[in-house]
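*Asks:* In order, the protein sequence lines correspond to chains A and B. Residue numbering for the first sequence is 1 to 447, as defined by my numbering. Residue numbering for the second sequence is 448 to 743, as defined by my numbering.
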Amino acid sequence: MKLKNLLASAAIMAVSVYATASSAADEAAAKFREDFLSGQLSWSDVEARAKTEGEVNWFHWGGSEKLNAWIERNVVPALAAKGITLKTTRIAGTRDAVDLVLADKQSGKGVGEGSVDAIWLNGDNFYTLVQQDALFGSFADKVPNAENFFFDPADPASQLNLSDFGTPTEAREMPWSGEQYTCYIDTNRLSKSEAPRDFEGLEAWVKENPGRFTYVKPPHYIGNTFVQTALYAFGGGYEPFQKSITEFTPEEFAKLVEPGFNYLRRIEPYLLGGEKAIYPQNQAANQALYNNGEVDMACEFGLYFVSNQIESGAFSETTETLAFPESGMIKNKNFLAIPSNAPNPAAAIVFANVMAEVDLQISKLKEIGYPLGVDMAKLSEDDQARAVAAAPKHHGVTDAELAALAVADTNASLVKVIETIWGDYIERKVEMPFLQIVKGAMEKAAK
Amino acid sequence: MVHHKGHGRGWGRLIGLLPAVSLLTVLFLGALGFSVAQSLGYAPQYGVMSFPTNIYYVSLFKDPGFWQSLGLTFYYAITPTLIGLMISIGLSLLLAHKFPGKGAALFIYKIPMVVPYLVGVALVLILFANGGIFARILFALDIIDRPSDFPRLLQTAEGWGIMLVYLWKQVPFMTVVLYAHLLVLSREPEESALLLGANRVQILWHVTLPRLIPAIVSSSLIVFAFNFGAFEVPYILGAGYPNTLTVEAWRLFDDPDYTNRPKAMAIVTLVSVISGLCLLVYLSLYRAYERKRGRV
Numbered sequence: 001m002k003l004k005n006l007l008a009s010a011a012i013m014a015v016s017v018y019a020t021a022s023s024a025a026d027e028a029a030a031k032f033r034e035d036f037l038s039g040q041l042s043w044s045d046v047e048a049r050a051k052t053e054g055e056v057n058w059f060h061w062g063g064s065e066k067l068n069a070w071i072e073r074n075v076v077p078a079l080a081a082k083g084i085t086l087k088t089t090r091i092a093g094t095r096d097a098v099d100l101v102l103a104d105k106q107s108g109k110g111v112g113e114g115s116v117d118a119i120w121l122n123g124d125n126f127y128t129l130v131q132q133d134a135l136f137g138s139f140a141d142k143v144p145n146a147e148n149f150f151f152d153p154a155d156p157a158s159q160l161n162l163s164d165f166g167t168p169t170e171a172r173e174m175p176w177s178g179e180q181y182t183c184y185i186d187t188n189r190l191s192k193s194e195a196p197r198d199f200e201g202l203e204a205w206v207k208e209n210p211g212r213f214t215y216v217k218p219p220h221y222i223g224n225t226f227v228q229t230a231l232y233a234f235g236g237g238y239e240p241f242q243k244s245i246t247e248f249t250p251e252e253f254a255k256l257v258e259p260g261f262n263y264l265r266r267i268e269p270y271l272l273g274g275e276k277a278i279y280p281q282n283q284a285a286n287q288a289l290y291n292n293g294e295v296d297m298a299c300e301f302g303l304y305f306v307s308n309q310i311e312s313g314a315f316s317e318t319t320e321t322l323a324f325p326e327s328g329m330i331k332n333k334n335f336l337a338i339p340s341n342a343p344n345p346a347a348a349i350v351f352a353n354v355m356a357e358v359d360l361q362i363s364k365l366k367e368i369g370y371p372l373g374v375d376m377a378k379l380s381e382d383d384q385a386r387a388v389a390a391a392p393k394h395h396g397v398t399d400a401e402l403a404a405l406a407v408a409d410t411n412a413s414l415v416k417v418i419e420t421i422w423g424d425y426i427e428r429k430v431e432m433p434f435l436q437i438v439k440g441a442m443e444k445a446a447k
Numbered sequence: 448m449v450h451h452k453g454h455g456r457g458w459g460r461l462i463g464l465l466p467a468v469s470l471l472t473v474l475f476l477g478a479l480g481f482s483v484a485q486s487l488g489y490a491p492q493y494g495v496m497s498f499p500t501n502i503y504y505v506s507l508f509k510d511p512g513f514w515q516s517l518g519l520t521f522y523y524a525i526t527p528t529l530i531g532l533m534i535s536i537g538l539s540l541l542l543a544h545k546f547p548g549k550g551a552a553l554f555i556y557k558i559p560m561v562v563p564y565l566v567g568v569a570l571v572l573i574l575f576a577n578g579g580i581f582a583r584i585l586f587a588l589d590i591i592d593r594p595s596d597f598p599r600l601l602q603t604a605e606g607w608g609i610m611l612v613y614l615w616k617q618v619p620f621m622t623v624v625l626y627a628h629l630l631v632l633s634r635e636p637e638e639s640a641l642l643l644g645a646n647r648v649q650i651l652w653h654v655t656l657p658r659l660i661p662a663i664v665s666s667s668l669i670v671f672a673f674n675f676g677a678f679e680v681p682y683i684l685g686a687g688y689p690n691t692l693t694v695e696a697w698r699l700f701d702d703p704d705y706t707n708r709p710k711a712m713a714i715v716t717l718v719s720v721i722s723g724l725c726l727l728v729y730l731s732l733y734r735a736y737e738r739k740r741g742r743v
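#1: Taking H517(B) as the reference, give the member of L570(B), V483(B), F675(B) with the closest Cα.
#2: Report, in whole angstroms, the separation of the C-beta atoms of V623(B) and K545(B), which I expect to be a contact under 8 Å.
#3: Could you tell me whether any Cβ in chain A is nearer than 9 Å to the Cβ of N501(B)?
#4: Name, please, each residue of chain A whose Cβ falls closer than 8 Å to the Cβ of P681(B).
#5: Could you name the residues of chain B that L202(A) contacts, counting a contact when the two beta carbons are closer than 7 Å?
#6: With 9 Å set as the bound, which would you pick, yes or no: does the beta-carbon of R593(B) sit closer than that to a beta-carbon of chain A?
#7: For N122(A), does the count of other Cβ atoms within 10 angstroms reach 16, so buried, or fall short, so exposed?
#8: Determine, using beta carbons only, whether P196(A) and L322(A) come nearer to each other than 9 Å.
#9: Between which two residues does the alpha helix (DSSP H) carrying A713(B) extend?
#10: Using a beta-carbon distance below 9 Å, is T128(A) in contact with chain B?
#11: Counting only runs that start and end within the segment 235 to 296 of chain A, where is the alpha helix (DSSP H) found for 4 or more residues in a row?
#12: Given that a residue counts as buried once 16 or more other Cβ atoms are within 10 Å of its Cβ, and exposed if not, what is K739(B)?
#13: Express the C-alpha separation of I185(A) and Q283(A) in angstroms, rounding to a whole number.
#14: Where DSSP assigns a beta bridge to F301(A), which residues make up the other side?
#15: Going by DSSP, which residues form a beta bridge with Y746(B)?
#16: Any beta-carbon of chain A closer than 9 Å to the one on T603(B)?
#17: Relative to the C-alpha of L160(A), which candidate in S38(A), L256(A), N332(A) has its C-alpha closest?
#18: Roughly how many angstroms separate the alpha carbons of W652(B) and Y733(B), rounded to a whole number?
#19: Going along chain B, which residues have a C-beta under 8 Å from K429(A)?
#20: Closer than 6 Å by C-beta to L37(A): which residues in its own chain qualify, once you throw out the five before and the five after it? Chain order, please.
#21: Got a sec: is the Cβ-Cβ distance from R740(B) to anything in chain A below 9 Å?
#22: In this structure, how does DSSP classify E190(A) when only helix, strand and coil are distinguished?
#23: Suppose contacts are defined by Cβ-Cβ distances below 9 Å. Is M355(A) in contact with M174(A) by that definition?
#24: So, for Y304(A): in the same chain, excluding its five sequence neighbours on each side, which residues have a beta-carbon less than 7 Å away from its beta-carbon?
#25: Tell me whether the segment 268 to 280 of chain A and the segment 154 to 170 of chain A touch, counting them as touching only if at least three CB pairs, one residue from each stretch, are closer than 8 Å.
#26: Exposed or buried, Q361(A), counting other C-beta atoms within 10 Å across all chains shown (16 or more means buried)?
#27: Since M533(B) is in the alpha helix (DSSP H), which residue starts that stretch and which ends it?
#28: Is any beta-carbon of chain A found at less than 9 Å from that of A686(B)?
#29: Specify the secondary structure class of I660(B) as computed by DSSP and reduced to three states.
#30: To the nearest angstrom, report how far apart D104(A) and G114(A) are at their CA atoms.
#31: Quick one: which chain B residues come within Cβ less than 8 Å of Q281(A)?
#32: So, helix, strand or coil for A50(A), using DSSP?
#33: Since I believe F59(A) is in contact with I91(A) (beta carbons under 8 Å), could you give me their beta-carbon distance rounded to a whole number of angstroms?
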């Protein structure tokens with residue numbers, strides 16, 4: 001439970017403050033890091049060192065038995081072939097791994113000395129590691145399988161690899177899987193023809209069916225993404241939201257987001273719970289509302305989410321993905337990051353490279369329905385055909401529809417401001433002019 | 448109080464207490480010390496090094512949301528304590544009498560005491576959610592159109608679910624304390640009052656309750672202090688916003704921006720200070736009451 005995490009973090013913090021920060025860094029590992037990042041090592045040098053390190057400690061969300069079994073069946077042998085033992089730590093929340101990295105770092109453990117080699121993460125957790133300067137460095141574009149990705153900043157196709165919820169990745173994490181923000185409906189309760197296709201449609205529909213929709217509460221990333229999607233729809237698409245917050249004056253930013261926030265305020269009385277709208281805390285709570293028949297439509301990340309849920313029996317057979325909204329569905333990737341104090345940095349790099357292999361990526365798509373992390377257009381025609389054949393079937397939408405509506409995620413520096421505005425304007429209903437709220441949020445973010 | 452003489456005995460006692468005392472010092476005072484230090488801006492692990500500063504406290508006091516949360520925290524703590532106390536007094540008086548099936552009753556009422564709070568939370572969710580068992584029964588009986596039309600009791604700021612769990616768990620606890628107290632009290636004052644012509648209400652009000660006061664004070668004190676600092680029940684069953692101070696502290700602590708953590712620690716420190724002050728006031732009122740009655 002969360003409380004346990006809280007106590008654990010408190011204990012780690014306590015220890016970390018006591019620990020002397022005398023950094024007797026592992027010099028060989030530090031030299032390896034320097035040489036690798038400056039491009040002085042050949043790939044065989046890296047693999048040789050990885051073999052001597054002999055193991056890699058990967059921390060990943062372990063809540064899916066299917067995923068865990070797939071890792072055991074596929075990743076473990078692939079790494080064993082390279083002379084590396086994969087040690088996985090299955091965690092309930094990625095924050096636990098991030099806290100461990102930071103506690104290690106605080107106690108003066110540098111490269112070669114920590115306890116975490118790789119973490120599966122994205123968004124907030126990556127942002128935290130960037131903020132705390134706890135990443136190994138730009139490795140992802142320096143491994144052989146980097147050829148499966150667009151990394152050229154000049155190419156718009158690179159955006160998904162270079163930006164993680166808007167935080168520049170600078171190749172400090174390896175793209176591993178992709179996601180798209182989708183909404184789903186139960187066609188037993190809401191027919192496809194009546195289902196909203198855009199935000200105006202959603203407003204009309206909830207006014208006729210009050211209480212039959214809600215969205216996850218920001219600052220949870222699922223909730224943030226819904227808010228961002230609405231802001232795109234009323235703020236001229238995703239392009240204006242690619243800029244950093246420093247490029248906006250408060251007046252400009254208020255003008256950009258006010259129509260979207262007014263929309264969210266307008267629909268609030270028609271959400272679940274009515275005047276006192278209920279926003280579920282996370283996607284699990286939202287799914288429970290959906291399964292209980294309290295809402296007819298819900299949104300979260302997951303290109304193949306509906307097919308996976310139907311297959312495991314968690315959703316009714318009549319659930320379908322909705323191509324909502326027509327103004328654009330946010331798409332992004334999730335990644336494998338290597339912390340700055342990875343105990344086995346070479347093995348971690350080899351591990352990230354293995355995970356970006358086309359065969360493993362296709363097997364992940366086929367067996368557990370996790371979308372490709374590698375970029376289709378970078379693959380050979382053969383591989384592309386195999387990937388298409390491996391994809392699980394969609395319910396209610398086609399790949400082409402989903403791909404056509406996919407748009408880029410919001411710049412991370414805006415996300416912080418947007419979630420503060422949501423808190424003040426929608427949740428707390430602070431009695432201040434909108435511009436004043438935006439100014440406050442921007443000041444808070446600039447601190 | 449009998450004081451034992453001789454150093455050997457005193458030192459022995461001190462050494463005997465050492466394990467418990469040192470554990471408490473490290474875990475409790477240590478954690479409290481770190482929270483206070485962080486709330487004053489000492490958190491180099493998050494890149495916050497502005498010790499000493501009061502900005503975290505000042506920003507809390509300026510935030511109307513803080514005061515709202517404080518009010519709710521008091522509300523969720525006091526209401527179930529008072530209601531639970533009344534139920535427990537009635538229950539313990541009832542149990543002090545002889546009635547058929549008393550043995551079973553004595554066993555059954557204690558069950559929630561050994562069940563964790565989280566199980567209580569799960570029970571409340573299963574029974575009272577808008578898709579829970581009661582909602583489904585009412586729907587099956589055609590009293591409501593669909594399960595989601597069931598009155599919304601959980602995850603709202605009214606806190607029905609939270610207080611229900613507290614009552615379910617704490618009434619047995621308070622009853623045990625009160626009932627045990629009743630057992631050791633002799634029945635003589637009640638009997639003489641009866642002989643002198645007092646009716647049952649007068650006996651309850653003027654004889655039994657005043658004699659129960661020490662047990663009432665100690666049990667309600669424990670329950671109030673727990674409710675004031677509780678986290679998981681309001682976290683799961685409370686509203687997203689507004690909610691108790693502990694949930695607010697968790698929200699700030701869990702924020703990806705770690706520089707918010709000192710503010711979370713400021714809340715946690717305030718929770719400790721405020722509940723400590725409440726206990727102090729409560730106890731001194733109790734002392735004054737006892738002095739008035741000439742028992743101290």
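Note that CB positions come from ideal geometry on N, CA and C, so glycine has one too. As the structure is a prediction and not an experimental result, all values here were calculated from the model.
*Replies:* In this structure, then:
#1: Strictly speaking, residue 517(B) in this sequence is Leu, with His absent from that position. The option with the nearest alpha carbon to L517(B) is F675(B).
#2: Contact flag wrong, Cβ pair sits at about 19 Å.
#3: no
#4: The premise fails here: P681(B) is roughly 12 Å from chain A at the closest Cβ pair, so nothing lies under 8 Å.
#5: The premise fails here: L202(A) is roughly 19 Å from chain B at the closest Cβ pair, so nothing lies under 7 Å.
#6: yes
#7: N122(A) comes out buried.
#8: For P196(A) and L322(A), yes; Cβs fall inside 9 Å.
#9: 708 to 739
#10: Among the residues facing chain B, T128(A) is included, as its CB has a counterpart in that chain under 9 Å away.
#11: 250 to 267, 283 to 291
#12: exposed
#13: 15 Å
#14: F301(A) pairs with Y181(A).
#15: The shown model of chain B, from 448 to 743, leaves out residue 746(B), and the question about it has no answer.
#16: yes
#17: N332(A)
#18: 17 Å
#19: The premise fails here: K429(A) is roughly 10 Å from chain B at the closest Cβ pair, so nothing lies under 8 Å.
#20: G137
#21: no
#22: In the sequence under discussion, the amino acid at residue 190(A) is Leu, which differs from the Glu named in the question. Coil at L190(A), not helix or strand.
#23: yes
#24: G369, P371, P392
#25: With the cut-off at 8 Å, the segment 268 to 280 of chain A and the segment 154 to 170 of chain A do not touch.
#26: buried
#27: That run of the alpha helix (DSSP H) goes 511 to 543.
#28: Yes, its Cβ sits closer than 9 Å to a Cβ of chain A.
#29: helix
#30: 6 Å
#31: Result: G687.
#32: helix
#33: 6 Å
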